[in-house]
Amino acid sequence: MRLSTLAIAWFLFCGAVAGWLVGGMVPPGLRSLALHQGDFHLARPVDKPLEVREAKWCKLLELYGDFDLSMEVELGEGTDLDVLVRQVEPRLVDQQLLQFQGRFSVLRMTTAHDGPAWRSRDEALVAPRGGGLSLAPGLRATVWIEARGNLVRANVAGRTTQWFRTDDVYGSTTLVVKGGKAVVYSLDVKHRGLAQAWRWSRAFWSSLGVVFALVVLAAARAFGHWPRGFVVPLMTWLIVREYDGELGFPDPAALAALLAALVALGFSYCTSWRLLLLLFGVALLVSPAQRTLQRDDPVVDALFGTKAGKQISEAYGQLVGGPRGLHDIGAAGKRVFLLGGKFLYDNSAWGEPHLEPLLESKLRTATKGPVSVPCPQTEDADVVQQWRLFSTCYTAWRPEAIVLGIAADEGGAATGNRQQTTPARLRETLAAAKAHCAQAGTKLVLFVDARHSRYGRAQGLAAPLLAEVQAAATAGVALVTAAEGDVPAAVAAKLAQTLLPLP
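FYI, in the working numbering the residues of the sequence shown are 1346 to 1848.
In structure tokens form, the structure reads like this:
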């Protein structure tokens, strides 16, 4: 078969358009990404080194591509020092805050036992304390971290780790301490720029689309079939238009495999067994590419709900975001932990104030002392998820009281990663909360809010779930109910009355 020059030019143009569309899978906020171009040096007096504690992070706000980090640290007894690298979280792009699950990888040094040096975000969130590159307490150690693309490795006190693959090729860096104190005597970061930045340009992907189109044309000549060019950009547009990169550079190999398959779709109308076999082979290659491009976050979805953003790293560092800023574990005074999520305590959707500051004010007035009321701002929360979040990330807080909130529509249908709360799941959660509070000497208060519903007018807590709550109350757990018509100030007063006196 002989193709006309016009037909060849048309198919090459379609390949270029497909490449341009695939190149558009790089989020716009990254094509104009302003990475930090300077080096960083920690300027501290020799006799006043930087101290990092559980309540005091060390966060380097600058976004780096490739970098070399060096520091000299000393850890106290029973201390973990975690270095969060390639930390990518929601930020403003074109005056719009893009929400997604924050990402990072963790290098752990510890004065406890040896364990894995590097952990993924999900592994770090659920891993117990200790277990990392062990260091002797009270002795200085030199740490080097080398980041190249999405590979990182470290040398700690003369021990070099294997290369570890991260989710991103850029990001910020944070030092987080658990269990004690770390002293940082020096900290330097040398920027190396973004490796092979040309891979993210649309011009490159358009050119690659032309190359793949030439390969397809060669196959067309060999097999005697004329590819249909219009199918290629049309199918490419349909496939890539819904892609959300979440401010992360997509894997180039996955993009290339996807582009090759889309260009090969020019043969999709053919019935030749050889071409059908070719398309089947391409499909086998594209399947893992699609899995690579699609971000799947089951662990953090179960812990934090969807699109939790920076709440993930905050929880990892024992911080709780609230309407008036961050709560840290080192704050003075007594603490009351509100569990129930943003829907339960943030009444701004109904033109009312957040319950957290109202309750905090009443408790401070009554106790005549400092009281903090941390309240995780989980968007899509349920009572099971909230207790899982506390028991995984916040047990080190040891609050004087925990308010475990249950919304009126708690037994509603599952939505997204929010599972339906059944009587059995509620019973198990209440038993776990009661056991934990009894062991920790913490007062437990159940709070049932019948005022609002995600599904329309609230009808009150479903009878099977209400029976489980009443059974817990009969067994001695304090219970507060917010009835329809109760204003937030009245609800805060009810809670304060039940919580006082604080242990």
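Heads up, the beta-carbon is just placed ideally off N, CA and C, and yes, glycines get one too.
Straight-line Cα distance separating residue j from residue i
i        : j        : result
Gly-1714 : Arg-1537 : 50 Å
Lys-1535 : Trp-1742 : 36 Å
Glu-1587 : Lys-1526 : 45 Å
Leu-1775 : Cys-1720 : 19 Å
Val-1748 : Ala-1472 : 26 Å
Pro-1668 : Asp-1691 : 9 Å
Met-1454 : Gly-1675 : 22 Å
Ala-1605 : Val-1428 : 38 Å
Gly-1524 : Cys-1782 : 21 Å
Leu-1840 : Met-1370 : 49 Å
Phe-1735 : Val-1521 : 19 Å
Thr-1581 : Arg-1544 : 19 Å
Gln-1441 : Asp-1589 : 14 Å
Ala-1660 : Lys-1393 : 28 Å
Cys-1403 : Glu-1419 : 15 Å
Glu-1399 : Tyr-1739 : 12 Å
Met-1346 : Leu-1366 : Residue placement at Met-1346 is flagged as unreliable, the pLDDT there being 49, under the threshold of 50; the coordinate-derived value follows with that caveat. In a straight line, the C-alpha of Met-1346 is about 30 Å away from that of Leu-1366.
Ala-1677 : Pro-1744 : 12 Å
Leu-1406 : Ala-1565 : 53 Å
Val-1645 : Ile-1353 : 49 Å
Leu-1553 : Ala-1361 : 8 Å
Arg-1431 : Glu-1773 : 37 Å
Ala-1462 : Thr-1505 : 10 Å
Leu-1703 : Glu-1422 : 39 Å
Ala-1548 : Pro-1597 : 14 Å
Asp-1642 : Ala-1563 : 41 Å
Glu-1701 : Glu-1417 : 40 Å
Lys-1707 : Val-1681 : 12 Å
Gln-1639 : Val-1585 : 11 Å
Beta-carbon spacing of residue i, residue j below 8 Å
i        : j        : result
Glu-1829 : Pro-1768 : no
Gly-1364 : Ser-1546 : no
Val-1577 : Leu-1600 : no
Ala-1502 : Ala-1492 : no
Asn-1863 : Trp-1489 : Residue 1863 lies beyond the stretch modelled for the chain, which goes from 1346 to 1848, so this question has no answer here.
Ala-1746 : Thr-1787 : yes
Asp-1725 : Gly-1650 : yes
Pro-1373 : Val-1433 : no
Gly-1292 : Gly-1494 : In the structure as shown, the chain starts at 1346 and stops at 1848, and residue 1292 therefore has no counterpart that could be examined.
Phe-1445 : Asp-1513 : no
Gln-1731 : Leu-1806 : no
Leu-1592 : Leu-1375 : yes
Leu-1791 : Ala-1823 : yes
Gly-1447 : Ile-1751 : no
Cys-1359 : Phe-1575 : yes
Leu-1771 : Val-1825 : no
Arg-1664 : Thr-1737 : Correcting the residue type first, residue 1664 is Leu in the shown sequence and not Arg. It is not a contact, given that the beta carbons lie outside the stated cut-off.
Thr-1710 : Lys-1679 : no
Phe-1449 : Arg-1466 : yes
Val-1832 : Glu-1697 : yes
Where residue i falls, given that 16 or more other Cβ within 10 Å makes a residue buried
i        : result
Trp-1571 : buried
Leu-1357 : buried
Ala-1379 : exposed
Val-1391 : exposed
His-1386 : exposed
Glu-1468 : exposed
His-1672 : buried
Asp-1533 : exposed
Gly-1670 : exposed
Phe-1688 : buried
Val-1560 : exposed
Arg-1389 : exposed
Gly-1662 : buried
Thr-1377 : One detail in the question is off: residue 1377 reads as Ser in this sequence, not Thr. When all chains shown are included, Ser-1377 counts as exposed.
Gly-1569 : exposed
Gly-1821 : exposed
Thr-1518 : buried
Ala-1653 : buried
Gly-1368 : buried
Ser-1717 : buried
Contact test: residue i Cβ vs the ligand FMN heavy atom, cutoff 7 Å
i        : result
Leu-1700 : Ligands are entirely absent from the displayed structure, and the ligand FMN is therefore not among its contents.
Any chain C beta carbon closer than 8 Å to residue i
i        : result
Ser-1551 : Here chain C cannot be found, since the structure has a single protein chain.
What are the uninterrupted segments assigned as alpha helix (DSSP H) that are 4 or more residues long and contained completely in the stretch 1363-1451, given in chain order? 1373-1376
Going along the chain, which unbroken runs of the beta strand (DSSP E) with 3 or more residues stay wholly within the stretch 1512-1574? 1516-1523 and 1526-1538
So, do the stretch 1535-1554 and the stretch 1405-1423 have three or more beta carbon pairs nearer to each other than 8 Å? yes
Restricting to runs no shorter than 3 residues, where is the beta strand (DSSP E) found entirely within the stretch 1487-1513? 1496-1501
Report the residue ranges of all alpha helix (DSSP H) runs contained in full by the stretch 1678-1712; include only those spanning at least 4 residues, in chain order. 1687-1690 and 1700-1712
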